[in-house]
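Single-structure report; data block below.
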């Protein structure tokens with residue numbers, strides 16, 4: 018019993034971070050990718066990722082994450098692009114921005 022209490026105290030921070038990461042991954046997995054998105058205009062996206070995403074056209078980030086060769090950095094770049102306020106719904110960047 019005492020060992021369990023010590024273990025819980027020692028690893029509580031790690032467990033909390035893991036639970037937060039799991040929740041973040043679930044939210045990310047549910048995030049949709051616009052079907053009309055032109056991956057060619059997404060800045061800083063690796064050429065390999067751009068090609069695979071354009072060819073496969075994943076519906077959401079969970080599907081995109083399962084594509085071989087797509088890295089967490091690629092997903093972060095795509096997420097940052099989709100969250101930009103100056104994007105048009107078509108996925109294209111407005112001129113002059």
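Numbering (my numbering), first residue to last: 18 to 114.
Each residue gets a CB set at the ideal place from its N, CA and C atoms; glycine is no exception.
All figures in this text were calculated on a predicted structure; none of them were measured in a lab.
Ignore the nearest five residues each way along the sequence and tell me which others in residue i's own chain have a CB closer than 6 Å to its CB.
i: residue 45; result: 78
i: residue 20; result: none
Using only the alpha-carbon positions, how far apart do residue i and residue j sit?
i: residue 86; j: residue 70; result: 10 Å
i: residue 84; j: residue 18; result: 45 Å
i: residue 65; j: residue 23; result: 47 Å
i: residue 72; j: residue 95; result: 15 Å
i: residue 102; j: residue 61; result: 17 Å
i: residue 26; j: residue 54; result: 47 Å
If we call anything under 8 Å between Cβ atoms a contact, is residue i one with residue j?
i: residue 56; j: residue 67; result: yes
i: residue 76; j: residue 92; result: no
i: residue 98; j: residue 59; result: yes
DSSP state of residue i, grouped into three classes?
i: residue 55; result: coil
i: residue 110; result: Because the pLDDT of residue 110 is 48, which lies under 50, any placement of that residue in the model is unreliable, and the question is left without a value.
Is any heavy atom in the ligand NAP found nearer than 7 Å to the beta carbon of residue i?
i: residue 89; result: Only the bare structure without any ligand can be found here, which leaves the ligand NAP out of the picture.
Give me the DSSP bridge partner(s) of residue i.
i: residue 77; result: 49
Go through its chain and collect everything with a Cβ distance to residue i's Cβ below 7 Å, but skip five positions before and after it.
i: residue 74; result: 52
i: residue 48; result: 77, 78
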